[in-house]
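Shown next, in structure tokens, is the structure this report addresses.
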Amino acid sequence: MQLELIAPASEDSTYLPRMGLGILAALTPPDVEVLYTDDVVRPFDVARDVKDVDLVGISVDSKTARRSYDIAAAYRRRGVKVVLGGIHPTAMPEEALEHADAVVAGEADVVWPEVLADFRRGELGRLYRPELPDLARMPDARRDLFRSKKYIPFQVVQTMRGCPYPCEFCSVSTANGKTFRFRPVAHVVRELESLGKLVLFADDNVMIHPTYSRPLFEAMTPLGKHWIGQCSLAAVKELANVKLMAQSGCKALFIGFESIDEETVRHTGKRQNRPAAYRDIIAMLHDHGISVWGSFVFGFDTDRPSVFERTVEEAIAMKLTMASFALLTPYPGTPLYARLLSEGRLTDPRWWLRRDHDAGSPYFVPRHMSRETLRAGWVQAWTDFYSYRSIWDRFTVRAASSWIQTLGYFPLNLLQRQLAHHKIAGGQQRHRAHVEPEPSSPPPVPAVAAPGAGAAPRRLPIAR
Ligand code: B12
Ligand code: SF4
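At position 322 of the sequence shown (counting the first as 1) the number is 329 in my numbering, and the numbers step up by one without a gap.
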């Protein structure tokens, strides 16, 4: 039997293998041949790449839903059965079932062997809703499937799932549960020992639960790894935690600041963020050789047109190594989606079904500006943050600085500058170019103005 596992791409995808599929491959009986196809590495061409395998499994998030459904349709036309799973089918199982033979809504670890056995007996079910698995039984992902040289050279490792925080825009607590579940430290350490020096933790929040993370990082210290991960500000407020992370090999953290405004972080539910403390926390991280990649979101109900310029200025003053700016996106299954829907503010409630969804966002009516202003301000923030002046002004080398800050800083920023200009401002697409335009979609240019809509933000003085 041949099973093909497919990781579809969106314009926001990165050259990283899909861990969930590596785990499913590890849970697949050894007599099944597993093929791994990554749309990021080589854009999937329906005319060229559809194969005569026995079963296909596709990992779907909301940004890749449309593309996943198109790929699924091509296989099903050929008589190949398709199973969909991942965060989007978990939130939208009924929709996913319209495009697949079977859907797994939830973490598939426990149920995957059963899905395969059902398929082999010719009794594939329609909808599987597994219990949340005990991560003590989570296998190491099958990394032998991830062969492309295009992948960034960090090995992805997961230590925990679930999150109790109530951030309104986030899918995690709905999909993965409202409690933390951890892999035993010994399992993580054994997996790390089998891998190379560079590690990326695919956790939402490293060090969020110090009673787990401290023993983990202590055990990692002798391994000599260099690792990067995502982290909430709550985790790095304490000097002792920062010291331990640095000692265990942490070189950079991706931190969800979300906003520089106190009112906004309270409104989003991200209560652990205290904007007044941002600069001090970053300076402390820099002093311990940890670079910071900040993440900000625009479009919250408390955001006004001045937010773009103020955010970029603050991000420069914080001396962030890099930053990403996202448009607030109503992902299905989130409290944000439910609220905007109930307030009648979603302009295209199934935006993810559009083939051009990346070009037309935001798909909701902001409270204090028009959609055009929001999109224009978002583009401006990207180009201003990656202006040559900003790149220069943010550069800082401290005694403890790691290679990411010394050797990596300028190449990484110049790459991001290219992305800002070509993709964000120029609208250049890699994946949309491979599909037909959506005939029935409403026009991608935002057309709805909010009450009290402001003018487009002016160009920042730092921009070149
Ligand atoms: C690591 C990560 C990334 C990485 C790596 C992605 C990669 N190549 O794997 C990077 C940084 C690149 C990234 C990028 C983005 N991400 Co991201 N990411 C994550 C994160 C933190 C972990 C994902 C992961 O590896 N989990 C570990 C594996 C084991 O779990 P899993 O993938 O869910 O798989 C399990 C189940 O879902 C299921 N399953 C999955 N696939 C399949 C397939 C089949 C056939 C079956 C049966 C089951 C199944 O079984 C698996 C085993 O239990 C999640 C948050 C989270 N906790 O899920 C966000 C998350 C997935 N990301 C999210 C977003 C929004 C993004 C971005 C759009 C952000 C941006 N603005 O740029 C981009 C673009 C994503 C894209 N597809 O293009 C959202 C998605 C929301 C949604 N509804 O779609 C999440 C949920 C975060 C959040 N806070 O809401 N991301
Ligand atoms: S944004 Fe981070 S802290 Fe908030 S709910 Fe999601 S995973 Fe938890």
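Glycine included, C-beta positions come from ideal geometry on N, C-alpha and C. What you are looking at is a predicted structure, and each value in this text was computed from that prediction instead of being measured.
Coarse secondary structure for residue i, derived from DSSP in three states
i	result
Arg311	coil
Ser298	strand
Thr44	strand
Ser69	helix
Val111	strand
Lys156	coil
His233	strand
Gln162	strand
Phe402	coil
Ser201	coil
Phe332	strand
Leu134	strand
Lys88	strand
Gln423	helix
Glu320	helix
Phe126	helix
Ile431	helix
Ile262	strand
Met376	coil
Glu350	coil
Glu18	coil
Leu139	coil
Gly340	coil
Glu102	helix
Arg168	strand
Ile288	helix
Gly276	coil
Gln9	strand
Phe305	strand
Pro450	Reliability of the predicted coordinates at Pro450 is poor, the pLDDT of 44 falling under 50, and no value is obtained from them.
Phe1	Coverage of the chain is limited to positions 8 through 471, which leaves residue 1 absent and any answer about it impossible.
Val53	helix
Arg190	coil
Euclidean distance between Cα positions of residue i and residue j
i	j	result
Thr271	Tyr82	45 Å
Val552	Val122	There is no way to answer for residue 552, as the model of the chain reaches only from 8 to 471.
Ser220	Ala109	37 Å
Ser66	Gly93	5 Å
Asp61	Asn183	30 Å
Gln254	Phe224	8 Å
Ala283	Glu40	54 Å
Val90	Gly132	10 Å
Ser178	Asp210	14 Å
Leu42	Arg149	11 Å
Thr51	Asp45	Rather than Thr, the amino acid found at residue 51 in this sequence is Phe. Phe51 and Asp45: Cα-Cα distance of roughly 8 Å.
His429	Gln435	6 Å
Val314	Phe305	8 Å
Ala432	Val47	21 Å
Val196	Met227	7 Å
Gly203	Leu419	22 Å
Ser69	Ala16	11 Å
Glu11	Arg357	28 Å
Thr354	Val111	29 Å
Arg508	Asp56	For the chain, the structure presents residues 8 to 471; residue 508 sits outside this window and is missing.
Val267	Met26	The question names Val, but residue 267 is Ile in the sequence shown. Between Ile267 and Met26, the C-alpha separation is close to 32 Å.
Trp234	Glu198	14 Å
Phe126	Pro100	19 Å
Asp77	Trp359	12 Å
Local Cβ density within 10 Å of residue i, reported as buried at 16 or more and exposed below that
i	result
Pro171	exposed
Ala124	exposed
Lys185	exposed
Glu130	exposed
Phe417	exposed
Ser409	buried
Ser298	buried
Leu347	buried
Ala406	exposed
Pro222	exposed
Gly384	buried
Lys277	buried
Gln476	A query on residue 476 cannot be resolved here, the shown segment of the chain reaching from 8 to 471 and no further.
Trp399	exposed
Distance cut-off 7 Å: residue i Cβ against heavy atoms of the ligand NAD
i	result
Gly263	For the structure depicted, the ligand NAD is absent and the ligand set comprises only the ligand B12 and the ligand SF4.
Proximity test, Cβ basis, 8 Å: residue i and chain B
i	result
Ser180	Going by chain labels, chain B is absent from the structure shown, which holds only one protein chain.
Per the contact definition of three or more C-beta pairs closer than 8 Å, is the segment 386–396 in contact with the segment 315–333?
yes
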